[in-house]
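Chains as they are written, first to last, in this note's numbering: chain A, 1 to 234; chain B, 1001 to 1398.
From the three backbone atoms N, C-alpha and C, an ideal C-beta is built for every residue, glycine too.
Please read these numbers as outputs of a predicted model, since none were measured by experiment.
For reference, the structure discussed in these notes is given below.
Written as C-alpha cells, this is what we have:
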C-alpha cells in the first residue's frame, strides 16, 4: 500500500500572509527552498526497533556508518521526530502501539520500513501473532529490503527519502515506491478476476455451474427512462 | 553487607496489594515500555511508584511473540537453522549450535573434529561480540555519567563491527549466518582468516583495558554498586543461569560442568564468580568472560585440525534423515546463560520434522527477577538493572 501523495501538503499560514503583499510572493519560493533544505538535513529518527533490525539500526547510528553526518539524530520520543524507522517484526500486540506513536508524530512525517519483517512479515507472515507488513497500519514511504539490511542499505534508504522529499517539495513527480515483496506475498494460487494469467476454464466451469442451478426467475422492475440529452446550442 | 546477611534480609513482596497500601502515600502508576530505548527491545513493565521509589513492578512480555516453536513444527530439520537465528539475534551462532546439536543427537549423526573445533571457536568469538554489545548498551543506559553516555557505545560498536567483518568473510553474512547444519558446518575457514582473528582480537584485548579504565569512575560505581542485588537463593529459585548466576556467587558454567564440543580439552577454562550479586558484579563477570573468550579464541584458531567440515553429505533435501520417535535435551552456555533445546521427534510419517521443539531461553528467566528486584529502587536504577540483566526480547517471546 503506497502512500497517497496527493493528500500530503506543506501548507503553512505563513504562505497566506506572504501572498497578500505584492512582490513578497517571490519570497515564498525562497522560503520553500529554505524549508526543504532544513527538512532534508535534519530528519530526526524515531526508532521503532523491535528485533534484529534494531541492532543493525544501532550499528548504523554508531561510528562506522554514522547517520549523524546526515543530520539524522535518534530521538527517544515521537514528538521530536520526523522519520519513523520501523525495524523488526511487528506483532498483533505491538501494532496498535506503533500506530499510536505514529499518530503522535507531528507533520510532516515519513516512515521507513526496514527489513523483510516490517515489509511483509517475512516467514512469520503466516503466524497467528504477526501482521503481514507494517504498511497495513501506517503509510510507508521507503522500503529497505534485507534480513536484516546492512547499515549501508539503511543509509541508502535515508538518501532515497531525501530525494523523495526534494522532488515532492519542488512540485515534481516522483515514482511511487513499489513494495519489494508484494508479488511473493499476495499473489494468490488461484488467479483472481481480471488477472491476465487467469484460467478461462475456471470461469466457464463457474458459469456452467451457476446456470445449472435452475434458480427461480425473478421479474425485475423496469428501468427508468433515460433523461433526454441537452443540445449544445441551448 | 555479606551475601549471607543479604539473603536473610526480608525480600520485597512481588505480589504487594496496592489497594491496601498506605492511603497517605504519593502513589503513581508508570509504564516503562513497550517502546523505550532502554528496554532493549519491546518489554513493558508496569511500575507502581511511591514518590520516586518503586513499590511494585509487574512485567508484561509478549510484544515480540512470533510463534517460532509452532513454525518449526512444519519445517524439516535443515530448514529450522535460519529460523532460530532470529531468536537471540545478538548471538545467532549459539542458537544454530543448540538446535543442530539436538538434531544430531536425535538423528545419530557424527560431527567431524574440525567442525567441532570450528563450533567452539565461533561460539567464543560470538560471545565476545555479544558482550561488547552488552557493554555498550549498558553504559548508554547508565546515561550521562560516562562522558555523554554514548562514548562507550560508540567504541564497543567499533570493535563489534570488526568481529562482524570476520564472520562476513567466513559465512557471507553480518548476522543470521546459517552456517551450521546437521552434521557439521557449511562454510570452511578461508585463507588468511586466522591472522585476521589474531589481529582483531588482539586489538580488542588491548582496548578492553581502556574501557575498564574509563568505567572505573566514581559515578559508575555509585550507579552500579549495591543496585539490583540478586542473592544466590533467589537466583537458583528463579532458574537464572550464565553470568547472572555467577555474579550471585554460584559457580556454575556448562562449558566446564557439562562440556560439549571440545570444551573438555580446554583444561584451564577460567570461570568468573562474584559474590555480590549487584550490577557491578555482573559487569565484572562479563568483562572477565570477555577476556577469557578472547584468550580461548586465540588459542583455538591456531590449532584447527585438518579434515572434512561436515560428516557425510550435508542435509539438504527433505527425507534424507528420518528420526525415530524419541526426545532429547541439549543445553549450551550462551552469553546469557543456558540455552536449552528440548526436541520431541514424532517418528514414522513425521520423521523429518520435529513433533515439538521447545526452546528454553535464558533471558526469560532473567526477566523473572524483575518483580523481586525492582521494588525499593528508583526508576533510573530500574533502567540500570534491566540493562545489567541483558535480556534479548527475541528469545524471551520467541
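Look at residue 154 of chain A: its C-beta is not under 9 Å from any C-beta on chain B. Looking at B:1095, B:1047 and B:1355, the one whose alpha-carbon comes closest to that of residue 1177 of chain B is B:1095.
Distance check between residue 91 of chain A and each of A:228, A:132 and A:225 places A:132 closest, using alpha-carbon atoms only. Residue 97 of chain A belongs to the set of residues whose beta carbon lies under 9 Å from a beta carbon in chain B. Residue A:115 holds the alpha-carbon nearest to the alpha-carbon of residue 55 of chain A among A:115, A:37 and A:212.
The C-beta distance from residue 1393 of chain B to residue 1064 of chain B rounds to 5 Å, short enough to fall under 8 Å.
According to the DSSP assignment, residue 111 of chain A belongs to the beta strand (DSSP E) that extends over 110-114.
Annotation: Cβ neighbours of residue 55 of chain A in chain B (cutoff 7 Å, chain order): 1089 and 1090. For residue 1084 of chain B, no CB of chain A lies under 9 Å from its own CB, so it is not counted at the interface with that chain.
The residue from B:1060, B:1179, B:1337 and B:1280 with its alpha-carbon nearest to that of residue 1226 of chain B is B:1280. Using a Cβ-Cβ cut-off of 7 Å, residue 1154 of chain B is close to 62 and 63 of chain A, given in chain order.
Here residue 42 of chain A carries a coil assignment [DSSP, helix/strand/coil]. Of B:1286, B:1089, B:1306 and B:1359, the smallest CA-CA separation from residue 1040 of chain B is found for B:1089.
When 8 Å is used as the limit between beta carbons, residue 1065 of chain B is near these residues of chain A: 91, 93 and 129, in chain order. At a Cβ-Cβ threshold of 9 Å, residue 160 of chain A and residue 142 of chain A count as neighbours. For a cut-off of 8 Å, the C-beta gap from residue 1347 of chain B to residue 1384 of chain B is around 49 Å, too long to register as a contact. One thing to note: residue 1118 of chain B has its Cβ within 9 Å of the Cβ of residue 1185 of chain B. For residue 51 of chain A, the closest Cβ of chain B is nearer than 9 Å. Near chain A, meaning a CB-to-CB distance below 8 Å, the residues of the segment 1378-1396 of chain B are 1393 and 1394.
Close partners of residue 1041 of chain B in chain A (Cβ separation under 8 Å): 49, 50, 51 and 54. For a cut-off of 8 Å, the C-beta gap from residue 1398 of chain B to residue 1066 of chain B is around 7 Å, short enough to register as a contact. When DSSP states are grouped into helix, strand and coil, residue 140 of chain A belongs to the coil group. Within the model, the alpha-carbon separation for residue 169 of chain A versus residue 82 of chain A is close to 15 Å. For residue 87 of chain A, the enclosing beta strand (DSSP E) has its first and last residue at 83-87. Under the DSSP assignment, residue 1113 of chain B falls in the alpha helix (DSSP H) whose first and last residues are 1113-1142.
Each residue's CA atom was taken as its position, placing residue 1283 of chain B and residue 1388 of chain B some 7 Å apart. Uninterrupted alpha helix (DSSP H) stretches at least 4 residues long and entirely within the segment 58-104 of chain A occur at 95-104, given in chain order. Contact of residue 1175 of chain B with chain A is assigned, a C-beta pair being separated by under 9 Å. Residue environment for residue 211 of chain A: exposed (fewer than 16 other C-beta atoms within 10 angstroms of its C-beta). DSSP places residue 1274 of chain B in the coil class of the three-state scheme, outside both helix and strand.
Boundaries of the alpha helix (DSSP H) harbouring residue 169 of chain A: 151-169, taken from the DSSP string.
In terms of beta-carbon proximity, residue 157 of chain A stays away from the interface with chain B, with every pair separated by 9 Å or more.
For the set B:1396, B:1085, B:1303 and B:1249, the Cα lying nearest the Cα of residue 1273 of chain B is the one of B:1249.
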